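Peer 1:
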Amino acid sequence: MRNLVNFILKNVYWLLFFLLIFLSFQLLIHNNEFHRSKYLSVFQEIAGRVYLVSNSVESYMNLKTINSDLMQRIAMLEQEVRNYKKEVEILSELIFPMDVHEYESAYSNAFSFIPARVVNNQISRMGSNYITLNKGTLAGVREDMGILSPNGIVGVVIRVSPHFSKVIPILNPKYQPSCKIKGTDYFGTLSWDGKDSRYISLKELPQHAVFNIGDTIVTSGFSTVFPEGVLVGTVEDTFKKKGENYNSLKVKLFTNFSALNEVLVVVNALKDEQLSIEKVEDNE
Amino acid sequence: MNKAAIQRFLLFILLVLLQVWLFNNIHLFGVATPFVYLYFVLKLPVKMNRNTALMLSALMGLVIDLFGSTLGLNMSVMVIVGFLRFYLLKLFAPRDVYEDYVPSFEALGNFMFVRYVGAMTLIHVTILHIMESFTLFDPIKLVSQILGSFVLTVLLICAIESINVKGFKK
Numbered sequence: 001m002r003n004l005v006n007f008i009l010k011n012v013y014w015l016l017f018f019l020l021i022f023l024s025f026q027l028l029i030h031n032n033e034f035h036r037s038k039y040l041s042v043f044q045e046i047a048g049r050v051y052l053v054s055n056s057v058e059s060y061m062n063l064k065t066i067n068s069d070l071m072q073r074i075a076m077l078e079q080e081v082r083n084y085k086k087e088v089e090i091l092s093e094l095i096f097p098m099d100v101h102e103y104e105s106a107y108s109n110a111f112s113f114i115p116a117r118v119v120n121n122q123i124s125r126m127g128s129n130y131i132t133l134n135k136g137t138l139a140g141v142r143e144d145m146g147i148l149s150p151n152g153i154v155g156v157v158i159r160v161s162p163h164f165s166k167v168i169p170i171l172n173p174k175y176q177p178s179c180k181i182k183g184t185d186y187f188g189t190l191s192w193d194g195k196d197s198r199y200i201s202l203k204e205l206p207q208h209a210v211f212n213i214g215d216t217i218v219t220s221g222f223s224t225v226f227p228e229g230v231l232v233g234t235v236e237d238t239f240k241k242k243g244e245n246y247n248s249l250k251v252k253l254f255t256n257f258s259a260l261n262e263v264l265v266v267v268n269a270l271k272d273e274q275l276s277i278e279k280v281e282d283n284e
Numbered sequence: 285m286n287k288a289a290i291q292r293f294l295l296f297i298l299l300v301l302l303q304v305w306l307f308n309n310i311h312l313f314g315v316a317t318p319f320v321y322l323y324f325v326l327k328l329p330v331k332m333n334r335n336t337a338l339m340l341s342a343l344m345g346l347v348i349d350l351f352g353s354t355l356g357l358n359m360s361v362m363v364i365v366g367f368l369r370f371y372l373l374k375l376f377a378p379r380d381v382y383e384d385y386v387p388s389f390e391a392l393g394n395f396m397f398v399r400y401v402g403a404m405t406l407i408h409v410t411i412l413h414i415m416e417s418f419t420l421f422d423p424i425k426l427v428s429q430i431l432g433s434f435v436l437t438v439l440l441i442c443a444i445e446s447i448n449v450k451g452f453k454k
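Residue numbers (this note's numbering), protein chains in the order written: chain A, 1 to 284; chain B, 285 to 454.
1) If contact is defined by three or more beta carbon pairs under 8 angstroms, each pair taking one atom from either stretch, is the segment 16-26 of chain A in contact with the segment 352-359 of chain B?
2) What did DSSP end up calling A/ILE217 once you bin it into helix, strand or coil?
3) Kindly list the residues whose CB is nearer than 7 angstroms to the CB of B/TYR324, restricted to its own chain and excluding five residues on each side of it in sequence; keep chain order.
4) For A/LEU77, count neighbouring C-beta atoms within 10 Å of its own C-beta (all shown protein chains included) and say buried if the count is 16 or more, exposed if not.
5) For chain A, check one thing: does any of its Cβ atoms lie closer than 8 angstroms to the Cβ of B/ALA443?
6) In the segment 375-407 of chain B, which residues sit with their C-beta less than 7 angstroms from some C-beta in chain A, listed in chain order?
7) Measuring alpha carbon to alpha carbon, tell me which of A/TYR175, A/PRO115, A/SER178 and A/LYS195 ends up nearest A/PHE164.
8) Report the rounded CA-to-CA distance for A/GLU284 versus A/LEU275, giving the unit in angstroms.
9) Could you give the residue range of the beta strand (DSSP E) that holds A/PHE187?
10) Considering only the beta carbon of each residue, do A/GLY229 and A/ILE200 sit closer than 8 angstroms?
11) Taking 8 angstroms as the threshold (C-beta atoms), are B/PRO387 and B/LYS327 in contact?
12) Return the Cβ separation of A/TYR130 and A/LYS166 in integer angstroms, given the expectation that the two are a contact with Cβ distance under 8 angstroms.
13) For A/GLY161, which option in A/PRO206, A/ILE29, A/GLU278 and A/VAL42 has the closest C-alpha, if you only look at C-alpha atoms?
14) At a Cβ threshold of 8 angstroms, is B/PHE434 touching chain E?
15) Quick one: what does DSSP say A/SER197 is sitting in, helix, strand or coil?
16) For B/ALA289, does the count of other Cβ atoms within 10 angstroms reach 16, so buried, or fall short, so exposed?
17) Using a Cβ-Cβ distance cut-off of 8 angstroms, determine whether B/ARG369 contacts chain A.
18) Using a 10 Å radius around the Cβ and a threshold of 16 neighbouring Cβ atoms, would you call B/MET359 buried or exposed?
19) Quick one, which residues of the segment 331-360 of chain B are near chain A if we go by CB-CB under 8 angstroms, in chain order?
Next up, the structure:
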C-alpha cells in the first residue's frame with residue numbers, strides 16, 4: 001500500500017498529464033455533442049460579447065464592400081420587381097383558379113426572415129469554420145434554422161444562447177446540404193474541400209444530368225432549413241473521378257464569405273408540421 | 285495573491301483577448317497564424333510547481349478553445365506543450381535559480397531564450413496543425429502551415445518579450 005502511494009506521489013506529474021490529455025481528447029471527440037449542452041451555451045454568450053467588440057471595429061472597415069454589394073442587390077431586385085409587375089399585368093388579364101393561389105401563398109408565407117449581423121467569422125481555418133451571429137433565442141432564432149446572405153446561402157444554426165447563435169457554414173465539411181441545378185430536378189450534395197473559400201463542390205450529381213458551364217445552382221428545398229431556390233453559385237468547371245457513377249461540379253459561390261456581415265435567419269413556420277408528418281411515416 | 289500572481293492573471297486575460305480578437309484572424313499568405321497565447325506558458329517561473337504549471341497551460345488552451353471552434357484542440361496541444369516545458373527547461377535553464385526566476389532575454393541570454401521559445405513553438409505548431417489536418421489531409425499545406433506559423437509566432441513572441449522588458453525597466 002505504501003509503495004502504491006509512493007508511486008502515485010512520485011508520478012503525479014505523469015498522471016496529471018494523462019488525465020488532462022484524456023479530458024481534452026474527450027472534448028475533441030465529443031465536440032458536436034458538447035455543442036448542444038447548456039453550460040457551453042452560457043460561454044457562447046460570453047464569447048459573443050467579447051467578439052462584439054472586435055466586430056464593431058471590423059464592420060466599419062467592411063462598410064464599403066458591403067455597401068456596393070447591397071447597391072448591386074437593390075438594383076437586381078428592382079429589375080426583378082419591374083419584371084414581376086409586367087407579368088402580373090399580363091396574368092391579371094387571364095382568369096386564374098382561386099384555390100391554386102391560396103396554396104401558393106400559404107407556402108411562401110411559411111418562410112419569414114430575421115435580420116442579424118455576423119460578430120465572429122473564422123473562415124480560413126481548414127475544416128473547422130464557424131460563424132457567430134448577434135441574434136439568439138430572444139430574437140426568435142432556434143437551432144437548425146437556415147442563414148442567408150444578401151447574395152445567397154450561408155449555413156445553418158447549430159447552437160443558440162439568449163443573444164447569440166453559432167452557425168455552421170457551407171464552408172465546413174461537416175455540413176452538406178442538398179442542392180440542384182436551377183431549372184432541372186437533378187440534385188447533389190454540396191461539400192467543401194477546405195482549400196478556397198470562393199469555391200465549393202456539388203457532388204453526387206447523376207451522370208445523366210444535363211448542365212452547362214455557367215448554370216446557376218440553387219437549394220433543393222428538400223430540407224426544412226431552406227426554401228427551394230436559394231442562390232448558391234454558378235457552375236465553373238466539371239470533374240469526374242474514375243470509377244464513380246456521379247458527376248462533380250466546381251461551383252463559384254455567390255456569397256463572399258471573407259466579407260460577410262449582414263445576414264438573414266430563415267424561419268420556417270411550417271417546419272414542425274412537416275417534421276411531424278415525416279416522423280409518422282418513419283414509425284410505420 | 286501576491287503581485288506576481290496578479291500580473292500573471294492580467295497577462296493571461298490580455299493574451300486571450302489578443303489571440304481571439306487579433307491573432308486568430310491573421311492567416312498570412314493563407315498559411316501562417318501566430319499563436320501568441322503560448323507566451324503565457326513560456327513566461328511561467330522556472331521554479332513553479334510543475335503540476336500547477338501544467339494545469340495553467342491546459343487552462344489557457346481550454347479558454348482559447350471556448351472562444352474558437354474546435355473544443356479540445358488547443359487544450360490537448362497546450363497539455364503536451366506544458367508537460368514538455370519541464371523537460372525543455374532542464375535543457376535550457378540553469379539549475380540553481382532563485383524562487384521567481386522567469387525565462388527572458390536577460391535571464392537566459394538572447395540566444396538561449398530564442399532557442400527555448402523556438403523549441404516550444406515548434407512543438408506547439410507542429411502538433412496543432414497535424415491535429416487540425418485530421419479532417420482534411422494535404423501534406424504541402426500542412427508543412428507550409430507549420431513553417432509559416434512557427435516563424436510568425438517566434439517573431440511575435442520575441443517582439444512582445446522585448447517590449448515587456450522595456451516596459452518593466454521604466
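Think of the CB as a built atom: it goes at the ideal place given N, C-alpha and C, for glycine as much as any other residue. Everything numeric in this text was worked out from a predicted model, so none of it was measured.
Peer 2: Checking against the coordinates, here is how it stands:
1) yes
2) The residue labelled residue 217 of chain A in the question sits at position 217 within the first sequence. Of the three classes helix, strand and coil, the one that applies to A/ILE217 here is strand, per DSSP.
3) Taking the second sequence and counting its residues from 1, one reaches residue 324 of chain B at position 40. The sequence shown places Phe at residue 324 of chain B, rather than the Tyr named in the question. Cβ within range, chain order: LEU295, PHE296, LEU299 and MET344.
4) Here residue 77 of chain A is taken as the residue at index 77 of the first sequence, counted from 1. Around the beta-carbon of A/LEU77, fewer than 16 other beta-carbon atoms lie within 10 Å, marking it exposed.
5) Here residue 443 of chain B refers to the residue found at position 159 when the second sequence is read from its first residue. False, the Cβ-Cβ gap to chain A never drops below 8 angstroms.
6) none
7) Along the first sequence, one-based indexing puts residue 164 of chain A at 164. Comparing Cα positions, the closest option is A/PRO115.
8) As a working mapping, residue 284 of chain A is identified with position 284 in the first sequence. As a working mapping, residue 275 of chain A is identified with position 275 in the first sequence. Low confidence applies here, because A/GLU284 scores a pLDDT of 49, under 50, leaving its location unreliable; read the following figure in that light. Taking the straight line from one Cα to the other gives about 15 angstroms.
9) Locating residue 187 of chain A in the first sequence gives position 187, counting from the first residue. Looking at the DSSP string, the run of the beta strand (DSSP E) that includes A/PHE187 is 187-191.
10) Working through the first sequence from its first residue, we reach residue 229 of chain A at position 229. Working through the first sequence from its first residue, we reach residue 200 of chain A at position 200. Not a contact, by the Cβ cut-off of 8 angstroms.
11) Translated into positions along the second sequence, residue 327 of chain B becomes position 43. Translated into positions along the second sequence, residue 387 of chain B becomes position 103. For B/LYS327 and B/PRO387, yes; Cβs fall inside 8 angstroms.
12) Mapped onto the first sequence, residue 130 of chain A falls at position 130. Mapped onto the first sequence, residue 166 of chain A falls at position 166. Between A/LYS166 and A/TYR130 the Cβ distance is about 6 angstroms, and since that is below 8 angstroms, they are a contact.
13) Mapped onto the first sequence, residue 161 of chain A falls at position 161. It is worth fixing the name first, because residue 161 of chain A is Ser in this sequence and not Gly. Here the closest residue by C-alpha is A/VAL42.
14) Of the chains in the structure shown, none is chain E; the protein chains are A and B.
15) As a working note, residue 197 of chain A is residue 197 in the first sequence. A/SER197: coil per DSSP, three-state reduction.
16) Position 5 of the second sequence holds residue 289 of chain B. Per the 10 Å Cβ criterion, exposed.
17) Your numbering for residue 369 of chain B matches position 85 in the second sequence. With 8 angstroms as the cut-off, B/ARG369 does not count as an interface residue toward chain A.
18) Residue mapping note: residue 359 of chain B aligns to position 75 of the second sequence, counting from 1. It counts as buried.
19) Taking 8 angstroms as the Cβ-Cβ cut-off against chain A, the residues of the segment 331-360 of chain B that qualify are ARG334, ASN335, LEU338, MET339, ALA342, GLY345, LEU346, ASP349, LEU350, PHE351, GLY352, SER353, THR354, LEU355, GLY356, LEU357, MET359 and SER360.
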